[in-house]
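If you're matching positions, the sequence shown starts at 5 in our numbering and goes up one per residue. Working notes for the structure below.
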Amino acid sequence: IHRNPGEAEFHQAVREVIDTLGPVLRKHPEFADHKIIERICEPERQIIFRVPWQDDRGEVHINRGFRVEFNSALGPYKGGLRFHPSVYLGIVKFLGFEQIFKNALTGLPIGGAKGGSDFDPKGKSDDEVMRFCQSFMTELYRHLGEYTDVPAGDIGVGAREIGYLFGQYKRITNRYESGVLTGKNPQWGGALVRREATGYGAVYFVDEMLKVRGQSFEGKRCVVSGSGNVAIYTIEKIQELGGKVVACSDSAGVIYHKDGINLETLKRLKEVERERIAGYVKEHRDAEYIAGGNIWEIPCQVAMPSATQNELDGESARQLVANGCIAVGEGANMPTTPEGVRVFSEAGTSYAPGKAANAGGVATSALEMQQNASRDAWTFDYTERRLHEIMKEIHRSCYEMAEEFGSPGNYVIGANAVGFIRVAEAMVAFGLI
Ligand code: NDP
């Protein structure tokens, strides 16, 4: 903690992993001999830079840009960029640290990284977003490359931003290097299913957890927080599997629609009009908008936090359990506080941590890199089948590992152990670097 003062989220993410690794380290004393824990907690490289840009009135703004290249034992650095006013080094490092293990869990050759800026895209014009992205990439490009570091989107960074970033990279380097960014539009090198992948993947993972309990999504009442990329495609896949999503949210409030959220309206509001969800009730008079509400008070059997870190605390977890929630799958990164995780564990709620449940996004990014490397484009159905197989495999490996370490059904232990062992073995093999 004294080496990384003030980085609360990073401390939280590290503690959550380290606390579960006792049995792994007892079985693998070589990891301690090689100081893997100490090395894995120190990023290989951290880049912090100034991002100056001009708004539409000509006023100059200065934001801060970050890229933390955390670990490249298994492949080039890979992880998203987040544009949100709350971004600072502690957030980027927590996300980058989680990304190491998540990427290892996919079984694909990708290392862990994360980046972003405290830039707030809300209320900005397309031109302002473009100028910001160009300035951001003007510094970052020198650290990127198909074999070096491959960013993607995250909160506040979607296909529009990836387009501007890619355009500037191409212009500066004079290289049409498709594999340098993922999450691109499928018309110019993006993978089909990448947009849907995190949400679909999280639902596939929860579906596997429900199967273990002898259940399925059919007829289940579900709640999905957020209303961004992950939330929308989580809702879509739950509906396809026969579940009913009765609530979603944004940072201002909650929509409760007891007959089920209308996905067409939600997609139009968020993806086309870039509006707030409050507008949903104008078209659906039987739905309710609860300004500043807590979505976890709405009774459900399956909860899928898909907005942001620490959005589900101990109190909310107790409420969910009391209301009969049997499964929680994290589409977001670290949305449940440590106390919330304890509540679920003690109640016997099936709980899928983000690094396992939301790994479908980065896995499909790795599939996008494969397509770019071979100058090929796969069909939607084929790519979705690959995603589904990957999610089933992540579930199986976490489940079996948890059993092997004497904690059946504990996906936190399973996910941390699988991810850590894969990275640690590579680090041992590569020697002291
Ligand atoms: P988006 O920007 O598309 O959507 C984010 C959603 O979360 C919005 O509804 C936003 O509401 C809400 N939100 C963001 N910050 C806060 C906050 N501080 N308090 C309350 N609500 C908030 O992002 P994504 O859907 O891409 O990302 C959501 C989560 O999923 C993040 O934790 C991200 O790291 C994780 N994730 C994303 C992946 C991806 O492929 N996109 C992959 C793996 C994980 P508002 O509009 O009001 O800000």
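We treat Cβ as the ideally placed atom computed from N, Cα and C, and that holds for glycine. If you're wondering where the values come from, they're calculated on a predicted model, not measured in any experiment.
Thr202 is positioned such that its CB atom lies no closer than 9 Å to that of Ser255. Per DSSP, the continuous alpha helix (DSSP H) segment holding Pro33 begins and ends at 33 to 37.
Runs of the beta strand (DSSP E) spanning 3 or more residues and lying entirely within the segment 224 to 252 occur at 225 to 228, in chain order. The segment 98 to 110 makes contact with the segment 68 to 77; the number of CB pairs closer than 8 Å reaches 3 or more. Between Leu144 and Arg43, the CB-CB gap reaches or exceeds 9 Å.
If you check the CB distance, Glu275 and Ile239 do not come in under 9 Å. Rounded to the nearest whole angstrom, the CA to CA distance from Val64 to Lys31 is 56 Å.
For Asn75, the enclosing beta strand (DSSP E) has its first and last residue at 64 to 75.
The three-state reading of DSSP puts Glu315 in coil, since its state is none of H, G, I, E or B. About 4 Å separates the Cβ atoms of Gly297 and Val258, confirming a contact at the 8 Å cut-off. Approximately 7 Å separates the beta-carbon atoms of Pro303 and Gly328; this is inside 8 Å, confirming the contact. Look at the segment 352 to 436 and you find these whole runs of alpha helix (DSSP H), each 4 residues long or longer: 358 to 361, 363 to 377, 384 to 408, 415 to 434. The beta carbon of Glu34 sits closer than 7 Å to the beta carbons of Val432 from its chain, once the five residues preceding and following it are set aside; these are given in chain order. The beta-carbon separation of Pro80 and Tyr151, rounded to 6 Å, stays under the 8 Å limit for a contact. Remark: C-beta atoms of Asp124 and Phe87 approach each other more closely than 9 Å. Ala117 is bridged by DSSP to Glu73. For the segment 84 to 159, the continuous alpha helix (DSSP H) assignments of 4+ residues that do not extend past its boundaries occur at 93 to 109, 130 to 144, in sequence order. Within 8 Å of the C-beta of Pro339 there is at least one heavy atom belonging to ligand 1. Sorting Asp263, Ala291, Ser310, Leu324 by C-alpha distance to the C-alpha of Glu301 places Leu324 at the top.
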